[in-house]
Amino acid sequence: MKKTSLLLLAGLFQLQVQAQTPEAKMNTFITKLMGQMTIDEKIGQLNLVTPGGFTATGATVSQNVEANIKAGKVGGLFGIYDPTLVRKPQELAVKNSRLHIPLLFGLDVIHGHKTSFPIPLGISSTWDLERIEKSARIAATEATADGLNWVFSPMVDIARDPRWGRISESSGEDPYLGSLIAKAMIRGYQGTSFKETNTVLACVKHFALYGAAEAGRDYNTVDMSRIKMFEYYLPPYKAAIDAGVGSVMTSFNEIDAVPATANKWLVTDLLRNQWGFKGLVVTDYTAINEMIAHGLGDLKQVSALALKAGTDMDMVGEGFLTTLKQSLNEGKITQKEIDQACRRILEAKYKLGLFDDPYRYLDESRPAKEILTPENRAFARDLAARSHVLLKNSNQTLPLKKSGSIALIGPLADDRKNMLGTWNIAGDWKKAVTVAEGIKNVAGSDVKINYAKGANFTTDTLLIQRLNAQNGLVDVDPRSPEVMIEEAVKVARQSDVIVAVVGEAQEMSGEASSRSDIGIPENQKDLLKALKKTGKPLVLVLMSGRPLTLTWENDNADAMLEAWFGGSESGNAIADVLFGNYNPAGKLTATFPRNVGQIPIYYNHKNTGRPYEGVLLDKFKSRYLDVPNDPLFPFGYGLSYTTFSYSEVKLSQTTLKGNQTLQASVTVKNTGKYTGEEVVQLYISDPVASVTRSVKDLKGFQKISLKPGESKEVTFRITPEQLKFYTTDLKYDWEGGEFSIQIGTNSSDVQTAKVQWAK
Ligand code: BGC
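Residue numbers (my numbering): 1201 to 1959.
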């Protein structure tokens, strides 16, 4: 055959293959379907509703859900789960709506579905990407077994302010670690394709900068320079997009004075055009309507702004449903804009396989086999133990002996209702393990446990009312604080050691749960002060959804374990750690300040022109009169029952040029008595650049395990990629010069070596 005809044939073949690509097939299908849709039906797809009942995080819940589904006025539903319950609305849509378009079913599956894992801030403290991915995999399996095809997770907002209640739902303050966790979660949820019915559409949120609310007050104003945004706040969202996340949720806050949901720069220019995101964008709960209060116009106006910005789906507010047609008639929006949004929602449904089988996630036999299985619970227990951070351990108070007597005291010592933590929508607290039960399970019969509650969560009755407004998780012991403390002191005197389980009630963190004082409530502190006076060793097990201010506690307790809210297996995991069945290895992913006045406080701050360098009487320096600059516990901090020593940093070379690779190594030795894990952390600092840089940034970490006496050399490979930063004109590049390579056990305690790296 002649060369030209061969080429022609190859071309034809290629065309044919192209016509058959999954994407082309999908486009043909959706174009055909949209050809049959009326404008009302298209707008109907943009409507996401919740029947309420399970959870509502705003004042509104959707009305007339059934009638609207039949009329083709609903694209998806969230807040219901269980295949039998989900089947009904899906049948309504598929059998009763004119075009039989199936619905999406979403839910906030944040740290596990019915098997509840630790709160995300706790999960991030494991620094264990494989297990983090597995937690999302299990969550996806349970969620899909329960009829869901969409999860509103991962939440990847960088949080530098522990007053903000939703720091509990985040991976903390660091963009590098946050980005890796975002990717791991998406791999866990979405798998490699939606072919398997145990994979689920993920939704990264809250795009963008939601964690930077002024004064840590939820829903508050955000105002931030572009350079800070790109360097510190945007990377985890970008990582999620790069990992192929199928949907994005816009945030409540404003960015450059335009709320995210109507921010065209954010949703179209950056997300879609610059980052290449092709999936669907959904608003947060009534975020369109809230733009009326933001001051952007009436419902018709703000709905049109949201659509024009590139937002596809309206959560609960029905602004799209009730106003877009009129805006179209008035020429304020275009048919193309509606079509585009509708197409993206239909594409999500298509990719999930819902047009092939709308009931593919509705297998009524799955829940019994796949939800809350012994394996899932075992994984939850292990993950919870791994999330714990040992903050203090004087005189090796921990681990506890499996003999003698323990005074088990505190509002969280025998509480079941607060074990799961915020945002456990489907989790059932009745199935959680209490600390008292965990200790009984693990300690064995030689340990005598003497229990006293000792204190309520708080004595502030108004606060209790507010905490109990949604789900009544705070029980109140009617006895006076004095009587309760007296009983606890008596119990403590009869025991060898005190384990006080104190901290926050679950509802003291999470959405709309910001605090201006992030200490342990005063009445619990009074309890601790009285216990301290007994002279018995005092172990604090802390539960909280945020970093706490623990200065007094650190000065007075013998040991402190931050256990966050551990989920379904919380009590067992705490006992595993207290008795040394697991040697804690968690590291903080958010700085613990000394007091609230230090906030915002984070490890990757700038140097300033007048850094304080430790000379006490040096007046004109950037510092406080009444508190040191450094935090109580820095980012990356966490102890072990064993100890580790670090050698000096060894570099493969000290001068480099261009695209070379530097190898930086340390030898870490287990110098204590227990086998233990250590997160070896790499930070890089770039002291001279065309813009001011932070004092250091996390650029790598490795989690290793060492037996007593064992040493390991840990090597990091560093390329110019890790030296890059955003310049004033938002170019992402590196500049030659000196760099300091820092490797250590936390962000403050590092070994340092210097290199010259020319461009
Ligand atoms: C929260 C979101 C959540 C949504 C749906 C909102 O109030 O901000 O994170 O996904 O409610 O429950």
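For glycine and all other residues, C-beta sits at the position ideal for the given N, C-alpha and C.
For D1469, the shortest C-beta to heavy atom distance toward the ligand BGC is 8 Å or greater. Residue state for G1766 is assigned as coil, using DSSP reduced to three classes.
Here S1948 has P1834 as same chain residues with Cβ atoms under 6 Å from its own Cβ, once five neighbours each way along the sequence are excluded.
Residue pairing for M1743: DSSP places it in a beta bridge opposite G1703. DSSP places Y1376 within a helical segment (H, G or I) once states are collapsed to three. Here N1641 is exposed. Its C-beta has fewer than 16 other C-beta atoms within 10 Å. Between the ligand BGC and K1931, a heavy atom-to-CB distance of less than 8 Å is absent. DSSP places H1406 in the strand class (E or B) of the three-state scheme.
With respect to the C-alpha of G1244, the residue from I1664, K1288, T1854 and L1303 having the closest C-alpha is L1303. For W1957, the beta-bridge partners assigned by DSSP are L1856 and G1937. Using a Cβ distance threshold of 9 Å, E1753 and L1761 do not count as a contacting pair. In the DSSP annotation of this structure, the continuous segment of the alpha helix (DSSP H) that includes N1576 starts and ends at P1574 to S1587.
Relative to the ligand BGC, D1484 has its C-beta within less than 8 Å of a heavy atom. Cα atoms of I1571 and A1402: separation of roughly 19 Å, rounded to the nearest angstrom. In this structure, the beta-carbon distance from W1764 to E1369 does not fall below 9 Å. Around the beta carbon of E1373, 16 or more other beta carbons lie within 10 angstroms, which makes this residue buried. For M1513, no alpha helix (DSSP H) run applies, since DSSP gives it neither H nor E. Residue state for L1862 is assigned as strand, using DSSP reduced to three classes.
The residue among A1730, K1954 and S1714 with its C-alpha nearest the C-alpha of A1415 is S1714.
Short of 8 Å from the beta carbon of I1884, and not among the five residues preceding or following it, lie these beta carbons of its own chain, in chain order: K1896, D1897, K1899, I1918, Q1922, L1923, F1939, S1940, I1941 and Q1942. Only residues of its own chain outside the window of five on either side were considered, and among them L1862 and Q1863 have a CB closer than 7 Å to the CB of S1852, listed in chain order.
Under the DSSP assignment, I1649 falls in the beta strand (DSSP E) whose first and last residues are V1647 to A1652. Cβ contact annotation for N1795 (same chain, cutoff 8 Å, sequence separation greater than five): T1749, T1751 and V1827, in chain order.
The three-state secondary structure of T1523, taken from DSSP, is helix. Here V1481 carries a strand assignment [DSSP, helix/strand/coil]. Restricting attention to alpha helix (DSSP H) runs no shorter than 4 residues, the region 1748–1800 encloses them at 1751–1756 and 1770–1778, ordered along the chain.
Taking C-beta atoms as the reference points, L1598 and V1777 count as a pair closer than 9 Å.
Residue nearest to P1567 within the set M1491, A1958 and A1345 is A1345 (criterion: CA-CA distance). In this structure, DSSP gives W1350 an extended state, which the three-state scheme calls strand. Setting aside the 5 residues that flank it on each side, R1544 is surrounded in the same chain by L1480 and D1512, each with a C-beta closer than 6 Å to its C-beta; the list follows chain order. Pairing K1959 with Q1881 gives a Cβ-Cβ distance that is not under 9 Å. For the set W1957, V1309 and T1284, the Cα lying nearest the Cα of I1625 is the one of V1309. If you check the CB distance, V1448 and Y1437 come in under 9 Å. The beta carbons of L1740 and A1759 sit closer together than 9 Å.
In this structure the region 1907–1917 lies against the region 1865–1882, because at least three pairs of beta carbons, one per stretch, are closer than 8 Å. For the ligand BGC, a non-hydrogen atom lies closer than 8 Å to the CB of M1355.
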